[in-house]
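Numbered continuously in the numbering used here, the sequence shown closes out at residue 318.
Yeah, the Cβ is synthetic: ideal placement off N, Cα and C, and Gly gets one too.
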Amino acid sequence: MSPEQTSIRDSILSSRPRTGLSGPFGPWLSVPSIARPSQELGRAVRYGTSLSTRESELVILLTGARFESATEFEIHVHEARGAGVGWDVIKGIPGSMVLLPSNLGEEDEDEDDDDDDDDDDDDDDDGEGFSLGLVKERMIPALIREHRRDRGGRVEPTSGGMTRDEVMEREVAIVLFASELLDTNTVSDETYRATRDKLDGSDEALVEITAIVGYYAYVSFTLNVFGIPP
89 MSPEQTSIRD SILSSRPRTG LSGPFGPWLS VPSIARPSQE LGRAVRYGTS LSTRESELVI
149 LLTGARFESA TEFEIHVHEA RGAGVGWDVI KGIPGSMVLL PSNLGEEDED EDDDDDDDDD
209 DDDDDDGEGF SLGLVKERMI PALIREHRRD RGGRVEPTSG GMTRDEVMER EVAIVLFASE
269 LLDTNTVSDE TYRATRDKLD GSDEALVEIT AIVGYYAYVS FTLNVFGIPP
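Structure, rendered in structure tokens:
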């Protein structure tokens, strides 16, 4: 390992003491000129945006599902659960049940399945590809139900002074923006304006969502190409 690789490795380990060089960092480290800016971009989109952890994890899960990266999806399911995302919302992501191990989430299903009649369609995911239409049909209703159940404040507001309805509307806007981008490689003027209006009327959050999608698409490709396990 060259001195430059050692320096980058040490920087990664210091910022990721729990996970170390897992995920895409091993392959990236073979090309230091790629590894260093990749690490810096990852830190920025993960920890330096105006989005809450929950909002970021929803975008990351959508990206992992779109690019069929089982490793990325499984890793970030745990992160999303820790940020308060319910299992029924995760099951509503197109392709989720194909990407996940069959036993993952079994311990949580009783907690999230109070509305069993509403969730029957979640088990119909038999390998259909990712699409904005399926996100609207499956994930968005589950997300709205989760906010309406409001289990003891599990869904945390992103900033002070927001009502729970405003938090819900913000999350729905973020999910729809990211899903349309992932499905069509762009967003319509209508989606751009609608999302901008829900996110403080500026482009800042739109740039952040787009960057998260782009970075985790890159991560997905790396994990898929090199067959990296969770």
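{"Check": "Bounding residues of the alpha helix (DSSP H) (the contiguous stretch that carries ARG134)", "Outcome": "120-135"}
{"Check": "Buried/exposed call for THR159, threshold 16 Cβ in 10 Å", "Outcome": "buried"}
{"Check": "Residue from ALA153, GLY172 and ASP285 whose Cα sits closest to the Cα of VAL223", "Outcome": "ALA153"}
{"Check": "Coil, strand or helix - GLU156 by DSSP", "Outcome": "coil"}
{"Check": "Beta carbon of LEU294 nearer than 8 Å to that of ARG281", "Outcome": "no"}
{"Check": "Beta carbon of PHE113 nearer than 8 Å to that of ALA305", "Outcome": "no"}
{"Check": "Exposure of SER90, with buried meaning 16 or more beta-carbon neighbours within 10 Å", "Outcome": "exposed"}
{"Check": "Cβ neighbours of ASP203 in the same chain (closer than 6 Å, five flanking residues each side left out)", "Outcome": "In this prediction, ASP203 scores a pLDDT of 49, lower than 50, which makes its location untrustworthy; the coordinate-derived value is nonetheless stated afterwards. These residues qualify, in order along the chain: ARG233."}
{"Check": "Cβ-heavy atom distance, VAL307 to the ligand NAP, below 7 Å", "Outcome": "This structure simply doesn't include the ligand NAP, nor any ligand for that matter."}
{"Check": "Classification of GLY289 by the beta-carbon crowding that lies within 10 angstroms, buried from 16 upward", "Outcome": "exposed"}
{"Check": "Burial state of PHE218, where buried means 16 or more other Cβ atoms lie within 10 Å", "Outcome": "buried"}
{"Check": "Residue burial classification, GLU145 (beta-carbon count within 10 angstroms, cutoff 16)", "Outcome": "buried"}
{"Check": "Alpha-carbon spacing of ASP205 relative to PRO182, whole angstroms", "Outcome": "Confidence is the limiting factor: at ASP205 the pLDDT is only 48, short of 50, which leaves the residue's position unreliable, though a coordinate-based value still follows. Straight-line Cα distance between these residues: approximately 19 Å."}
{"Check": "Proximity of LEU109 and LEU117 at Cβ, strictly below 8 Å", "Outcome": "yes"}
{"Check": "Segment contact, 8 Å Cβ cut-off, at least three pairs: the segment 262-275 with the segment 93-101", "Outcome": "no"}
{"Check": "Span separating the alpha-carbon of GLU259 from that of GLU143", "Outcome": "6 Å"}
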